[in-house]
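What follows is a single structure, written as structure tokens, with notes after it.
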Amino acid sequence: MIQPYCIAYLVRYFNKDPNTSQWWASWAAAGIVISAIMAMLIAHMANTYFSKVGARIRVACCALIYRKSMRLSHTSLGQTTVGQILNIMSNDVNRFDEFTFFSRSLITAPLQAVIVIYLLWPLLRWACFAGIIVLVLFIPFQVLMGRRFRSIRQKTAKITDSRIRLMQEIIAGMRVIKMYAWEQPFAQLVATARK
303 MIQPYCIAYL VRYFNKDPNT SQWWASWAAA GIVISAIMAM LIAHMANTYF
353 SKVGARIRVA CCALIYRKSM RLSHTSLGQT TVGQILNIMS NDVNRFDEFT
403 FFSRSLITAP LQAVIVIYLL WPLLRWACFA GIIVLVLFIP FQVLMGRRFR
453 SIRQKTAKIT DSRIRLMQEI IAGMRVIKMY AWEQPFAQLV ATARK
């Protein structure tokens, strides 16, 4: 947020504004560089912190899934496939990583919007709301795309589950497949499942 003010001061200085000085113009240039470096360092530290939090949550969820799968009864084991458990541990748990990485935007984005409107109000008056209105108008589009992505993701999870189940059965029956020389038909079956 400091950079636009520094750039505005530099523009006024290079337009020969009498209210500017070379001393303050050089400080404005330094402010641009320092604020860019500080923004980069703070963003990197926040990304690192939230990545660690997401990894801890993911590992804890995987441990809970493992513990629960070890305590399943025989009837529950018959209803739950290894593919479903692997799918949950590899795909679904990664959503916690994504959530922790992007969750800070739930707090910072509205705060930044309020600060930007406050800073732009003296310059633009009502025109400063144009960007906010455009963002609000795109919310239904984002919701629609999110639902579409979720449905595609669910279809992909079912296909992945069936493919993992097929591979598990092939590996379990490898001796029989080798004994009857059924490698080619099962290779074609796996190739079809991968498509």
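Residue numbers for the sequence shown follow the numbering used here, so the first one is 303 and each next one is one higher.
Just so it is clear, CB atoms sit at the ideal spot from N, CA and C, and this is done for glycine as well.
Pairing Arg406 with Phe352 gives a Cβ-Cβ distance under 8 Å. Distance from Ile419 to Cys430 at the Cβ level is roughly 5 Å; contact confirmed, criterion being Cβ atoms closer than 8 Å.
Remark: three or more beta-carbon pairs, one from each stretch, lie closer than 8 Å, so the segment 383 to 401 and the segment 358 to 375 are flagged as touching. Nearest in C-alpha terms to Tyr307, of all of Asn393, Cys364, Thr350 and Ser337, is Ser337. Here Leu374 carries a coil assignment [DSSP, helix/strand/coil].
In this structure, Met303 lies away from Leu491, with their beta-carbon atoms at least 8 Å apart. Between the alpha carbons of Arg467 and Met342 lies a distance of about 45 Å. Distance from the Cα of Ala415 is smallest, within the candidate group Ala432, Phe404, Thr402 and Phe403, for Ala432. In the displayed model, Pro320 falls within coil according to three-state DSSP, outside both helix and strand. Pairing Ala310 with Leu446, the inter-Cα distance amounts to about 39 Å.
Under the DSSP assignment, Ala489 falls in the alpha helix (DSSP H) whose first and last residues are Glu485 to Arg496. Take Glu485, set aside five residues on each side of it, and the residues of its chain with a beta-carbon closer than 7 Å to its own are Ile479, in chain order. By the neighbour-count criterion, in which 16 or more other beta carbons inside 10 Å mark a residue as buried, Gly475 falls on the exposed side. DSSP places Phe401 in the helix class (H, G or I) of the three-state scheme.
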